[in-house]
Every structure is written in structure tokens, then in C-alpha cells.
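Participant:
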Amino acid sequence: MELTIATPEERSSLLYRRMGAFLVDYLVLLAIPAMTLVLAVYVKRHWPIVHFEEMIVTPGFPGIGALLLYDYVISRQAIAGITQAITTFGAICSLGAMLYNWVYVYGQGRQSFGKTFFGLRVVRIDGTRLGYGGALRRHLLGYPLLVASLGIGVWGILRQPEGEAGHGWHDQVAGTRVEEEGLRE
2 MELTIATPEE RSSLLYRRMG AFLVDYLVLL AIPAMTLVLA VYVKRHWPIV
52 HFEEMIVTPG FPGIGALLLY DYVISRQAIA GITQAITTFG AICSLGAMLY
102 NWVYVYGQGR QSFGKTFFGL RVVRIDGTRL GYGGALRRHL LGYPLLVASL
152 GIGVWGILRQ PEGEAGHGWH DQVAGTRVEE EGLRE
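Quick note, the sequence shown lines up with residues 2 to 186 if you use this note's numbering.
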């Protein structure tokens, strides 16, 4: 397939699709901690807590068992531990999903959720597969650089030089570009 210089409309379309892909990636990845936070709050607010006064009137062995259950399982401290475990599990799953979506998937030559949805792919400047090293540089070095610069590094994307889609600092650090899926040089 022969490549031609993109028109301003095509570059603008690529920019909007790129922004959409970024948004989809973050929404998908933020869904994990959001769901675990909702679950933790639900457990904290609605987990049944047995009050000590109710246990005193429970006769016999079931009452002793209920008291032990209250002391070791259903107490407020246990519920706090359960909610902490839920939120920690959510954070670990979020980190795993980020590493999967941005490092493993790119290292395999595939694309993130958002890039797949919008038909974009990240490749090296020469058009070859990104690989794990490039994915690590792009996402674990380049993105924090964008955040540390308060977004100044995105201006390279917005500037869009003639004939290119523009490169942010994260692209420049990793030597990558974003192009439409299916374009090969």
C-alpha cells in the first residue's frame, strides 16, 4: 500500500481518534478500582454487625458461638480489614490491567483497548513492531514525563507538522508513532 501525505482533515481525524482511544483506555482501566471501591463501601455500610447487647440475651451454646463470631469475624475491625483487602485487590488488579494493556499487549505487537476500538496502532518510527522495551519506555517513562510536565509534552501531538500526525513526548522518548491500523510502508 502506498502512503501519501495526510490532509489536514485526515490529521485532525487521527488526533480525535487518538484522544478517543486514550479516553477509552482510561475509562476501562478506571472501571476496576471504581467497582472495587463501590464493593468496599457497600460491605462497610451494609455488612451485618451484631451488637453485644443482642448476644447477651441469646441463650446457650449458639450464644457463645455468636459472641465468638462477633469478636473475630463480624466486628468493625474485621469489616475494616475486609474493605481494605477489597480495595488493595482492586489496586493490584488495576496495576495488572495497566501493565497488560500498555506493556504486554504492545510488546506482542497488538494494541490497547482504545487503540483497537478506534483502529489505531503504535509502531516504531520505522514502522516495525514496538516490542517490550519500546512499550516500557513509552508507557512507564513517557507518560509519567507528560504528567510531570503538566501536559506540556502533548503539544507535539496538537502541533501536527505537515504530513505527520504529531508526536508527544511519550512518542519521542520511545521513538514511536501512532497510525491507522492496516497502513504498512
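Built from N, CA and C at the ideal position, the CB exists for glycine as well.
#1: By DSSP, does T177 sit in helix, in strand, or in coil?
#2: Beta-carbon separation of G169 and V148 under 8 angstroms?
#3: Given F119, which residues of its chain have a CB within under 7 angstroms of its CB, disregarding the five upstream and five downstream residues?
#4: Would the beta-carbon of L38 fall within 8 angstroms of that of G91?
#5: Could you tell me the alpha carbon to alpha carbon distance between E181 and L121, rounded to whole angstroms?
#6: Any idea if H47 is buried or exposed, counting beta-carbon neighbours within 10 angstroms, 16 or more meaning buried?
#7: Beta-carbon separation of V174 and R139 under 8 angstroms?
#8: Leaving out five residues before and five after L24 in sequence, what residues of the same chain have Cβ atoms less than 8 angstroms from its Cβ?
#9: Going by other Cβ atoms of all chains shown within 10 Å of its Cβ, with 16 needed for buried, is D172 buried or exposed?
#10: Is the beta carbon of T84 less than 8 angstroms from the beta carbon of V44?
#11: Taking Cβ to Cβ, would you say G176 is nearer than 8 angstroms to R125?
#12: Suppose you measure from the CA of L142 to the CA of L31; what does that come to, to the nearest Å?
#13: Run through DSSP, which three-state label would R125 get?
#14: So is A86 buried or exposed if we call it buried at 16+ other beta carbons inside 10 Å?
#15: Under the three-state reduction of DSSP, which class applies to L171: helix, strand or coil?
#16: Do Y144 and V123 have their CB atoms nearer than 8 angstroms?
#17: Looking only at C-alpha atoms, which of L151, I153, L100, D127 sits nearest to Y133?
#18: Skipping 5 residues on each side, what residues in its chain have a beta carbon closer than 7 angstroms to that of P34?
Facilitator: This is what the structure holds:
#1: In the structure shown, T177 sits in a strand (DSSP, three-state: E or B).
#2: Against a cut-off of 8 angstroms, the Cβ pair of V148 and G169 comes out as no contact.
#3: R18, G21, A22
#4: yes
#5: 4 angstroms
#6: Burial call: exposed.
#7: Taking 8 angstroms as the Cβ cut-off, V174 and R139 qualify as a contacting pair.
#8: Non-local C-beta neighbours of L24 in its own chain, meaning closer than 8 angstroms and more than five positions away in sequence, comprise G115, ordered along the chain.
#9: buried
#10: yes
#11: yes
#12: 20 angstroms
#13: Here R125 sits in strand by DSSP.
#14: With fewer than 16 other Cβ atoms within 10 Å, it is exposed.
#15: Sequence check: residue 171 is His here, not Leu. H171 carries a helical assignment under DSSP once its states are collapsed to helix, strand and coil.
#16: With respect to V123, Y144 sits apart: the two C-beta atoms are not nearer than 8 angstroms.
#17: Minimum Cα distance to Y133 is reached at L100.
#18: In the same chain as P34, and ignoring 5 residues on each side of it, the C-beta atoms closer than 7 angstroms to its own belong to G91, A92, S95, in chain order.
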